[in-house]
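Asker: Chains as they are written, first to last, in the UniProt record's numbering: chain A, 1 to 326; chain B, 1 to 732. Once you've had a glance at the structure underneath, I'll fire off some questions.
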Ligand SMILES: Cc1cc2nc3c(=O)[nH]c(=O)nc-3n(C[C@H](O)[C@H](O)[C@H](O)COP(=O)(O)OP(=O)(O)OC[C@H]3O[C@@H](n4cnc5c(N)ncnc54)[C@H](O)[C@@H]3O)c2cc1C
Ligand code: SF4
């Protein structure tokens, strides 16, 4: 790790001003950033500590939950209002990392954590995301954990956040502050597809600060679940994951909002899979049709083809629990 | 001997020091003026260095110097008998034999300065495409010349005839992946020179090996090298051999003129201290209709590096365990551009996995209960040597384990046992591992004028409880209370001991302590019966017993005298040293039963229950022995369900060099583990009837899990680790 300067910021505006310096970066919990810096994957001349900013609050009202960007994963996961109104969010957070990491890690930082692709995380291996133009080692390499949907021939890394998958299903909005002032960005538009520029992961402008999240409460009649499939019981990133919010009335799906993790470079939505469900009775044929719609166009690589059946099975497992079917 | 000190469940005597931070590990050694070394590793797997630029690193703040093959002194490659298995020392020339080979060492005043400067070293390579995939090299497999453990092509009887006589034959191919030890404490060397004398604080399983290798590499006399290792934060074999970083650190400390501390980073440990080589195994087993084995053919193929050909996935289970007249066991090697492999806890685990899994396949083919199959092939003797085991209660292990597990309630039909959300599988296997049979250890016993004993041996405590059990043995033999005995280890100034490896510590060091303590006790008894003022005056020495700090006439506990008064009158301490004596090879066995749950929707496997009953001879300490069994089962869960080191096929580099990429079980993966012991002394063991045991309990569990998965889903997954994707593929 190279030496860097450290400056605590005392207000969001001051933080944004400090971040005008090109090689400056915000630090919240530091649970991802410091690893990347120690491993030489990222180098920053200055870290702007944002932990003193008044952005830790969690407010639950009838129709929405508002989360400050610096709220800790554990604060949000354990918040009684969140557990009551948005159990999906709490489940997704508790499925991530370990209690120790969750106590430290912030919500804002979670959205901006970087991929676990090991070629990216070793600063001496070719990787287009880390070093544009150096090549993608995963395409022909060890890609069991990589994307089958939404990748490009430049990058097939998956986004590792469980939270972002849940927020995508919940149609949350990210609020930010930059030199141009505050703005709101729907989570569903927050992440970019890799295309030819896998180094660009979000629509954030340089130095833009995430201030919080706005999450609409789900319909009271809807059921939700976050299912994370992984290679050990806990403390591991998703091989595939499913976040689902589904309302079933008289056996017929009225509303379906689905998002998938571990399969794509960004939290993956499938309007086609949702459409395959809405207005139909929730039985095995419907579930299978939704699964097929989800993986249409999927591109398997040498080691990750199993994700295509696995994500369909995971979706079926989630849906099987809804509408009193199990 | 007094009853009760040996055999009890006694908490580790060093436990408090460890949990309070008082225990000083190698990296905690306080060495005045110590500088910090950081390795720079090759990023190619095969090739040579064509250019090196260290100017920026040398100019960086705090840097003492930067060393490369251009500036290093010539070092002699230590002989393999020192435990230095690699056949070259890095940083001696420009050649690169594997990725992650040291190419430079940066030494700086602080660790941070050394780390910062290490990134500034520029190395250019001319590289060739490496070969690192075993499956691609199977056609080039060859049988290496006999190694230290004997022939690689073992033949007993005539397997052709045995197979011809078989009623049933099963053929199977199993693979196990490359794995790493991952001790919590990475390897550490702190080297300090004073003139031409070298003191090394090392995290090692073998201080004598380290001393010998340093002496040979640096060309200094043995008495000038002292190695100190009071505590080891886990080794599992990683620290058994001697590795380059130790030699290089000592060499640069001399050049730098300052003590140097080098701690391997976690990432560096994946190419710097050995690994369990991947295996490809084919088995053909023939049996008569009644289940008696007629032939076993077992070929295990594993990668070796470009410069050594040591095969550590050894085939003892196939050769030794079951009664079978016709056996051929071949160990083949394939040269790849990988670092040197070595032993990892339970080197027999990989072959045991394949053998015990194939036996399960045989039990299905025969429609014979797997426990019954093993009982029918139980052997009273070591099948390889024909010699009887010192003792052998394996049949009792099967019977007790089956009873405790409830095996009789098993429906043998695969897929027949279920609960609300999935399939249940029950599987079993034999645990077996050789133990000891190594050069052994000496020990020095000093009985002070206060009647307390200090016992010293140049062994190590990996965290397994060596301090504790040796103190127990000493107390037991001398007849002193536990608190009146201290055991000290980890210093080459003490009598030499073999490395803490191969389950050899209890038989090797234990018997060294028994010998020295027995002689010392005899000397005290002799003093007591020769002293007219002693109540034991004139009594036949053979009639004297010792217990709780007293000597008394056997059968007359009140006619006694304390150690303290005998020694006080003697006026000086009694000192006895025993020389190392080899301990015979033991065989510790057991039976393991496992329940798994499989969620067929997403292929998820959970181990729900493990029951293991073992025969390690006499149990010296129920608590530390039980911990070994629990740790073995946990590792076996990792071995079977998740652990594997991945090497990129094109780059030839490890892509999982950390505990985020290399998964080991977490608490939530570990179920209830029930451990039982037969606990009957092995009369052939000079260590109070105890055999080595550390490596046995990891064997058996792996195959029992795989066999249970088969019982649950009706499909056999022969490639480890058994991950969800393989379960789903098997089910669809
Ligand atoms: C061992 C381990 C296991 C993990 N497992 C999981 C898992 O299973 N699932 C999962 O979802 N996550 C997992 N994580 C990731 C973890 O959730 C993230 O590291 C964490 O949420 C990041 O938050 P932080 O506050 O520590 O961010 P930091 O490390 O401080 O920052 C991360 C990035 O976000 C930027 N940043 C932070 N806050 C803001 C802000 N308010 N505005 C703009 N930029 C900001 C920083 O500049 C930096 O680039 C794991 C992490 C570890 C270390
Ligand atoms: S998948 Fe993306 S992150 Fe991984 S090596 Fe390729 S470009 Fe880099």
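Quick reminder that beta carbons are idealized off the backbone N, C-alpha and C, glycines included. Since this is a predicted model, take the numbers as computed values, not measurements.
Just checking my contact of residue 245 of chain B with residue 187 of chain B at CB under 8 Å: how many whole Å lie between their CB atoms?
Answerer: 7 Å
Asker: Using the Cα positions of residue 45 of chain A and residue 4 of chain A, report the straight-line distance between them to the nearest angstrom.
Answerer: Approximately 5 Å between the Cα atoms of the pair.
Asker: Taking just the CA atoms, how far does residue 252 of chain B sit from residue 258 of chain B?
Answerer: Cα to Cα, residue 258 of chain B sits roughly 9 Å from residue 252 of chain B.
Asker: Would you list the residues sitting across from residue 417 of chain B in a DSSP beta bridge?
Answerer: B/424
Asker: Between the Cα of residue 624 of chain B and those of B/4, B/69, B/9, spot the shortest distance and give me the residue it belongs to.
Answerer: B/9
Asker: Cβ of residue 31 of chain A versus every heavy atom of ligand 3: is any distance shorter than 7 Å?
Answerer: Looking at this structure, you won't find ligand 3 anywhere; what it does contain is ligand 1 and ligand 2.
Asker: How is residue 674 of chain B classed by DSSP in three states: helix, strand or coil?
Answerer: strand
Asker: Within its chain, find whatever has a CB closer than 8 Å to the CB of residue 255 of chain A; leave out the 5 residues flanking it on each side and keep chain order.
Answerer: 219, 222, 245, 246, 247, 278
Asker: Span of the alpha helix (DSSP H) holding residue 167 of chain A?
Answerer: 162–170
Asker: At the 8 Å Cβ level, is residue 118 of chain A part of the contact set with chain B, yes or no?
Answerer: yes
Asker: Since residue 124 of chain A meets chain B, which of its residues come closer than 7 Å, beta carbon to beta carbon?
Answerer: Within chain B, the residues near residue 124 of chain A are 43.
Asker: Could you tell me the distance, in whole angstroms, from the CA atom of residue 308 of chain B to the CA atom of residue 389 of chain B?
Answerer: Within the model, the alpha-carbon separation for residue 308 of chain B versus residue 389 of chain B is close to 33 Å.
Asker: What does residue 154 of chain B pair with, by DSSP beta-bridge criteria?
Answerer: B/329
Asker: Touch check for the stretch 294–306 of chain B and the stretch 675–690 of chain B: three-plus C-beta pairs under 8 Å?
Answerer: no
Asker: Whole angstroms are fine: how far does the CA of residue 143 of chain A sit from the CA of residue 306 of chain A?
Answerer: 11 Å
Asker: Using C-beta distances below 8 Å, list every residue in its chain close to residue 741 of chain B, excluding the 5 sequence neighbours before and after it, in chain order.
Answerer: Any answer about residue 741 of chain B is impossible in this case: the structure gives chain B only from 1 up to 732.
Asker: Residues of chain A with a CB under 9 Å from the CB of residue 49 of chain B: which are they?
Answerer: By Cβ distance, chain A contributes nothing, its closest Cβ being about 15 Å from residue 49 of chain B, past 9 Å.
Asker: What would DSSP say about residue 665 of chain B, mapped onto helix, strand or coil?
Answerer: coil
Asker: Would you kindly work out how many angstroms separate the C-alpha atoms of residue 250 of chain B and residue 701 of chain B, rounded to a whole number?
Answerer: 41 Å
Asker: Hey, residue 633 of chain B and residue 678 of chain B are a contact pair by Cβ (cut 8 Å); roughly how many whole angstroms apart?
Answerer: Not quite, the Cβ-Cβ distance comes to about 18 Å (not below 8 Å), so this is no contact.
Asker: Compare the Cα-Cα distances from residue 330 of chain A to each of A/99, A/203, A/47 and report the closest residue.
Answerer: Residue 330 of chain A lies beyond the stretch modelled for chain A, which goes from 1 to 326, so this question has no answer here.
Asker: Identify the continuous beta strand (DSSP E) that holds residue 35 of chain B and give its terminal residues.
Answerer: 35–41 is the span of the beta strand (DSSP E), which, as asked, contains residue 35 of chain B.
Asker: Mind the definition here: the stretch 703–723 of chain B touches the stretch 175–187 of chain B only if three or more C-beta pairs lie below 8 Å; say whether that holds.
Answerer: yes
Asker: Return helix, strand or coil for residue 202 of chain A, following the three-state DSSP convention.
Answerer: strand
Asker: Taking three-plus beta-carbon pairs below 8 Å as touching, is the stretch 228–245 of chain B in contact with the stretch 522–533 of chain B?
Answerer: no
Asker: So, is residue 187 of chain A buried or exposed, given that buried needs 16 or more other C-beta atoms within 10 angstroms?
Answerer: buried
Asker: Are the CB atoms of residue 93 of chain A and residue 102 of chain A nearer to each other than 8 Å?
Answerer: yes
Asker: Mind checking residue 460 of chain B: buried by the 16 CB within 10 Å criterion, or exposed?
Answerer: buried
Asker: Under the rule that 16 or more other beta-carbon atoms within 10 Å means buried, what is residue 140 of chain A, buried or exposed?
Answerer: By the neighbour-count rule (16 or more Cβ atoms within 10 Å), residue 140 of chain A is not buried but exposed.
Asker: Would you grab the beta carbon distance between residue 438 of chain B and residue 494 of chain B for me? Rounded to a whole angstrom, and I think it's under 8 Å.
Answerer: That pair is no contact at about 17 Å.
Asker: Just list the beta strand (DSSP E) runs in the stretch 592–664 of chain B, keeping only unbroken ones of 3 residues or longer that don't cross its boundaries, in chain order.
Answerer: 604–615
Asker: Look at the alpha carbon of residue 238 of chain A and the alpha carbon of residue 152 of chain B, and state the distance between them as a whole number of angstroms.
Answerer: 43 Å
Asker: Could you tell me the alpha carbon to alpha carbon distance between residue 600 of chain B and residue 309 of chain A, rounded to whole angstroms?
Answerer: Spanning the two alpha carbons is a distance of roughly 13 Å.
Asker: If we define contact as Cβ-Cβ less than 8 Å, is residue 317 of chain A a contact residue for chain B?
Answerer: yes
Asker: Would residue 330 of chain A pass as an interface residue toward chain B - the criterion being a Cβ-Cβ separation below 8 Å?
Answerer: Only positions 1 to 326 of chain A appear in this structure, which leaves residue 330 of chain A out of reach.
Asker: Assuming residue 492 of chain B and residue 211 of chain B make a contact with CB atoms under 8 Å, what is their CB distance in whole Å?
Answerer: With a beta-carbon spacing of about 5 Å, residue 492 of chain B and residue 211 of chain B fall inside the 8 Å limit used to define contacts.
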